[in-house]
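For reference, the structure discussed in these notes is given below.
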Amino acid sequence: MSPTICEKPSIYKRVGVIYNPSSRGGQAQSLFKAVVLPLLERFFGDRLVKCMPTQCRDDGTRCAFQLIVEDRCDYIISAGGDGSTFNVLNGLVRGCLYLDEKALNNKPLPVAFAVLPIGSGNDLHKTLGVDVNVSDLKFFEKYIHMLAEDGETIHADIGRVEYTKDHTGEIDEAVNDEHIPTQYRDRSACQLDTNDKGVRFYMNESSFGISSSILNAVNNSSISKEINYNIQTLWKQLTYANPSIKVEIDGKVVKDGIGQLVCIGNGRCFGGGMRINPNASITSQAFDVCILHNLRLWNVPYVFYQIQYGTHGTNPLASLHERVKTVKASKNPETVDDVYLECDGEVVGKLPATYTIMPSCVKFVVPTNSIEHANFMNK
Numbered sequence: 001m002s003p004t005i006c007e008k009p010s011i012y013k014r015v016g017v018i019y020n021p022s023s024r025g026g027q028a029q030s031l032f033k034a035v036v037l038p039l040l041e042r043f044f045g046d047r048l049v050k051c052m053p054t055q056c057r058d059d060g061t062r063c064a065f066q067l068i069v070e071d072r073c074d075y076i077i078s079a080g081g082d083g084s085t086f087n088v089l090n091g092l093v094r095g096c097l098y099l100d101e102k103a104l105n106n107k108p109l110p111v112a113f114a115v116l117p118i119g120s121g122n123d124l125h126k127t128l129g130v131d132v133n134v135s136d137l138k139f140f141e142k143y144i145h146m147l148a149e150d151g152e153t154i155h156a157d158i159g160r161v162e163y164t165k166d167h168t169g170e171i172d173e174a175v176n177d178e179h180i181p182t183q184y185r186d187r188s189a190c191q192l193d194t195n196d197k198g199v200r201f202y203m204n205e206s207s208f209g210i211s212s213s214i215l216n217a218v219n220n221s222s223i224s225k226e227i228n229y230n231i232q233t234l235w236k237q238l239t240y241a242n243p244s245i246k247v248e249i250d251g252k253v254v255k256d257g258i259g260q261l262v263c264i265g266n267g268r269c270f271g272g273g274m275r276i277n278p279n280a281s282i283t284s285q286a287f288d289v290c291i292l293h294n295l296r297l298w299n300v301p302y303v304f305y306q307i308q309y310g311t312h313g314t315n316p317l318a319s320l321h322e323r324v325k326t327v328k329a330s331k332n333p334e335t336v337d338d339v340y341l342e343c344d345g346e347v348v349g350k351l352p353a354t355y356t357i358m359p360s361c362v363k364f365v366v367p368t369n370s371i372e373h374a375n376f377m378n379k
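By the UniProt record's numbering, the letter at position 236 of the sequence shown is numbered 236, and the numbering carries on one by one without gaps.
Take a look at the structure:
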């Protein structure tokens, strides 16, 4: 059954924008000021309340929280890449919970969300089926007009993951913080973490295994992420020891042994456009899960070639599980090293972890000709 008429973004009167000046190796700062900001002012006018640059890694969470709680924004736009989207989404959820502790019980959340892609990977927009061209002024003019006027909101699902925090130093300790400003820590409803457990929400995908090992190496290096990602991908395939893991899907154990990677997808794309969960949709009210088994170096080129085009479903080295509600994952005793997990490109913690789908949780503004708009209207 099709949903009721989608809201136009023009109904939102207090718009906050968060941009990551370090996206695209630092190029986003000049891109935002020279191109994006004038277009935001042109199309949003007086509705544009504030534009906030992030000050450091994970700062998008704080920015979104403050725009909602202090500035009472009813529409948040994240300008950056997939990692920026992840951080801003977590601030949006926590800001809504601060104002209403039952916000997650009354979905969708009251604050609308959108993403302006000025990052490097932009896997979320590949899931949407949107071609991103950051060197084309016409692209930004058309896309920002869509965000302001002629796009429509869909009720998007998000993933929730409860994971084990890392206190070994492998991950920056600051990642363990929820980034709620000190003066707002009087309300427990928006504080979901404990000392040892973290809770994060994500829009597109989360994975554990070799993917997080690659990202850890990239994030802890001073080399350009775009260059280092390719270097580390090759290096880890040579050196990474595939862990022994246990994966339970909707109460049934589907993996108990050695595997290289597990991707819990809300969306389709991963790792720069690979269609790892080719039939996933952010409006399906379920995850799709891909498990890559004990890949060896000689298997990798062909398997990842198939993943690039979403044709790996019949490969015995890969398993696809569709329309999944919950996933529980842990490492087996024979695996000594920790197994880390990432959400939308940000390494946040390690196994054990539990994933839960949050259906129809976010009012998400998308182009009316996007794949996910069609999926939503055809539900």
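A virtual CB, placed ideally from N, CA and C, is assigned to each residue, including glycine.
In this structure, Q237 places its C-beta atom within 8 Å of the C-beta atom of V300.
By the C-beta density criterion, P278 is buried, having at least 16 other C-beta atoms within 10 angstroms. For S284, same chain residues with a beta-carbon under 8 Å away, outside a window of 5 residues either side, are D157, R323, N375 in chain order.
Relative to the Cα of N216, the nearest Cα in the group T182, E149, P243, I171 belongs to I171.
Where D59 is concerned, the enclosing alpha helix (DSSP H) starts and stops at 59-69. Judged by beta-carbon spacing, I231 lies beyond the 8 Å limit of V289, meaning their Cβ atoms are not closer than that value.
Of C73, R275, S330, Y202, the smallest CA-CA separation from G16 is found for C73. Contact between T54 and N20 holds, since their C-beta atoms are separated by about 5 Å, short of 8 Å. With at least 16 other beta carbons inside 10 angstroms of its own, V161 counts as buried.
Beta bridge pairing from DSSP links E346 with C343. In this structure, the beta-carbon distance from A79 to V36 falls below 8 Å. In the structure shown, the three-state DSSP call for C190 is helix. One thing to note: C343 has its Cβ within 8 Å of the Cβ of S206. A Cβ-Cβ contact shorter than 8 Å links L109 with C361. Per DSSP, F43 has no beta bridge partner at all. The closest CA to that of D196, considering only V348, V254, Y305, is found on V348. According to DSSP, residue pairing for E205 in a beta bridge involves G265. Sequence-distant partners of M274 (beyond 5 residues in either direction) whose C-beta falls short of 6 Å from its own C-beta, in its chain, are I307, Q308. The beta carbons of F43 and E149 sit closer together than 8 Å. Annotation: V130 to E334 spans about 43 Å, alpha carbon to alpha carbon. Annotation: the continuous beta strand (DSSP E) that includes H321 extends over 318-324. Pairing L128 with V366 gives a Cβ-Cβ distance under 8 Å. The segment 172-190 and the segment 90-98 touch, with three or more beta-carbon pairs separated by less than 8 Å.
In this chain, V300 is not harboured by any beta strand (DSSP E); it is covered by the alpha helix (DSSP H) spanning 300-309.
Under the DSSP assignment, Y163 falls in the beta strand (DSSP E) whose first and last residues are 152-164.
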